[in-house]
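S.K.: These protein sequence lines are chains A and B, in that order.
The first sequence begins at 986 in the numbering used here and counts up by one.
The second sequence begins at 986 in the numbering used here and counts up by one.
There are 2 protein chains.
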Amino acid sequence: MIDPANILRTHDLKHTKQRVRVLEEIALDTAAISQPELEKKLGKEIDRVTLYRILNTYEDKGILHRIMDMNGTANYAICSASCTEHHHHDEHVHFNCTTCFKIYCLEVNVPRIKMPNGFTATTVTSTAYGICEKCNSSAIH
Amino acid sequence: MIDPANILRTHDLKHTKQRVRVLEEIALDTAAISQPELEKKLGKEIDRVTLYRILNTYEDKGILHRIMDMNGTANYAICSASCTEHHHHDEHVHFNCTTCFKIYCLEVNVPRIKMPNGFTATTVTSTAYGICEKCNSSAIH
DNA sequence: TTAGTAAATGCAATTTCATTGCAAAAAAGT
DNA sequence: ACTTTTTTGCAATGAAATTGCATTTACTAA
């Protein structure tokens, strides 16, 4: 499990209850959570603006990584341990469920792709769309 | 080259000068063009709202496909011929240039990815970030 | 060619979402 | 407990997208 206090300490961020709450909320689910969902869940406790600022600093510090969905909405997931400030290593496949709209970070690496002449790629992302584990099993039963 | 009048006819869309202009503008470049760029170029001729509506109907009809960049901005490119209404076949790699911010549709297919148990994927997209052909060559000279 | 009707456009108003400035509150160190 | 620095919340601003409606434009059939 994640330890919010420890994460904040190792990234030289002050320990505030708002920052802890955001990490707790995101850690509840293995799927990424969207900014609007977070806002709905934490809106009573945390000001909208503060939430924006916390998410931005977490992204800068490499604590969270941001995944844009097909609607241009930001989704956030906890970075793997190898992420460092200004250098994310989220080179795994993302899975967007078209039923529950959750985004999962799969334990599958993005395959190597050879670029056409003249194009040099530094990062490659890969996103799959379909039905997730939970939605598939609830459809069967 | 693309023929706007023909595209409109084959998709049962009325021929208007605004619709033709949008297609012409998008066909000028092989790269995808962002909504704000389109707005800047066509803002004098076409109302902002009309542009939104045209882009939406083109996407619905499978004439354009929409690519979200990392900022959540919509970019549009002309669909390959195999796109039909409500079923896009843009399963090629997209390239986002981090210098000029243009998005290219590469002639490279998205590789097959095996999903974890329980996850069933219907579509997979792949996006590379880096320096495009033009920006690379202008950096050398 | 012209009249009728169905659809697309442009404008104004509204709504939604993100950002900025600043005063008050809260952390961390002494 | 006191001081300094950072974070938070609120209000105001700014930017982007959406809706309603009157006007204009495209298409069809006489």
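By construction, the Cβ of each residue, glycine as well, lies at the ideal position given by its N, Cα and C atoms.
These numbers come from a predicted model, not from an experiment.
#1: In this structure, how does DSSP classify B/Leu1049 when only helix, strand and coil are distinguished?
#2: Since I believe A/Tyr1089 is in contact with A/Cys1120 (beta carbons under 8 Å), could you give me their beta-carbon distance rounded to a whole number of angstroms?
#3: Would you call A/Gly1028 buried or exposed, if buried means 16 or more other Cβ atoms sit within 10 Å of its Cβ?
#4: Tell me whether B/Asn1102 sits in a helix, a strand or coil according to DSSP, three-state version.
#5: At the level of alpha carbons, what is the spacing between B/Ile1018 and A/Leu1013?
#6: Quick check: the Cα distance between A/Thr1042 and B/Phe1104, rounded to an integer number of angstroms?
#7: Could you tell me the distance, in whole angstroms, from the CA atom of B/His1079 to the CA atom of B/Ser1122?
#8: Based on Cα-Cα distance, which residue from A/Ile987, A/Gly1115, A/Val1109 lies nearest to A/Thr1015?
#9: In this structure, how does DSSP classify A/Glu1092 when only helix, strand and coil are distinguished?
#10: At a CB-CB cut-off below 8 Å, which residues of chain B make contact with A/Leu1091?
#11: Would you grab the beta carbon distance between A/Arg1006 and A/Glu1030 for me? Rounded to a whole angstrom, and I think it's under 8 Å.
#12: Which residues in chain A have a C-beta closer than 7 Å to the C-beta of B/Ile1116? List them in chain order.
#13: Say whether chain B places a C-beta atom closer than 9 Å to the C-beta of A/Gly1047.
#14: Specify, as a first and last residue, the run of the alpha helix (DSSP H) that A/Asn991 falls within.
#15: Give a yes or no on whether the C-beta atoms belonging to A/Leu1091 and A/Ile1048 are separated by under 9 Å.
#16: Please list, in chain order, all residues of the same chain as B/Ala990 whose beta carbon is under 8 Å from its beta carbon, the five residues on each side excluded.
#17: Whole angstroms are fine: how far does the CA of A/Glu1024 sit from the CA of B/Ile1063?
#18: Around the Cβ of A/Lys1099, are there at least 16 other Cβ atoms within 10 angstroms (buried) or fewer (exposed)?
#19: Looking at the C-beta of B/Phe1086, does it have a partner C-beta in chain A at a distance below 9 Å?
#20: If B/Glu1044 and B/Arg1038 are in contact, beta carbons under 8 Å, what's the gap, nearest whole angstrom?
#21: Considering only C-alpha positions, which residue in the set A/Lys1087, A/Thr1112, A/Thr1107, A/Leu998 is nearest to A/Glu1022?
#22: What did DSSP end up calling A/Ile1116 once you bin it into helix, strand or coil?
#23: Using a Cβ cut-off of 9 Å (strictly closer), state whether B/Thr1035 contacts chain A.
#24: Excluding five sequence neighbours on each side, which residues of the same chain lie with their C-beta closer than 8 Å to the C-beta of B/Asp1054?
#25: Tell me, please, whether the CB atom of A/Ser1122 is closer than 9 Å to any CB atom in chain B?
M.R.: In this structure, then:
#1: Of the three classes helix, strand and coil, the one that applies to B/Leu1049 here is strand, per DSSP.
#2: That belief does not hold up - the Cβ atoms of A/Cys1120 and A/Tyr1089 are roughly 11 Å apart, past 8 Å.
#3: Label assigned to A/Gly1028: exposed.
#4: B/Asn1102: coil per DSSP, three-state reduction.
#5: The straight-line gap from Cα to Cα measures roughly 38 Å.
#6: Going from the Cα of A/Thr1042 to the Cα of B/Phe1104 covers about 32 Å.
#7: Spanning the two alpha carbons is a distance of roughly 20 Å.
#8: When only C-alpha atoms are compared, the closest one is A/Ile987.
#9: Reduced to three states, the DSSP call for A/Glu1092 is strand.
#10: Chain B residues near A/Leu1091: Met1100, Pro1101, Phe1104.
#11: That pair is a contact at about 6 Å.
#12: The contacting residues are Thr1105.
#13: Closer than 9 Å: no.
#14: Run containing A/Asn991: 989-995, per the alpha helix (DSSP H) assignment.
#15: For the pair A/Leu1091 and A/Ile1048, the CB atoms are not nearer than the 9 Å cut-off.
#16: Contacts found: His1000, Val1005.
#17: B/Ile1063 and A/Glu1024 have their C-alpha atoms roughly 36 Å apart.
#18: So A/Lys1099 counts as exposed.
#19: Against chain A, the CB of B/Phe1086 has no partner CB under 9 Å away; the residue lies outside that interface.
#20: The pair is not a contact, with the Cβ atoms about 11 Å apart (cut-off 8 Å).
#21: Ranking A/Lys1087, A/Thr1112, A/Thr1107, A/Leu998 by Cα distance to A/Glu1022 puts A/Lys1087 first.
#22: A/Ile1116 sits in a strand when the DSSP states are folded into three classes.
#23: Any Cβ of chain A closer than 9 Å to the Cβ of B/Thr1035 would place that residue at the interface, and such an atom is absent.
#24: The beta carbon of B/Asp1054 lies closer than 8 Å to those of Ser1019, Asn1060, Asn1081, Phe1086, Ile1088 in the same chain, with the five residues before and after it left out.
#25: Closer than 9 Å to some Cβ of chain B, the Cβ of A/Ser1122 qualifies, so yes.
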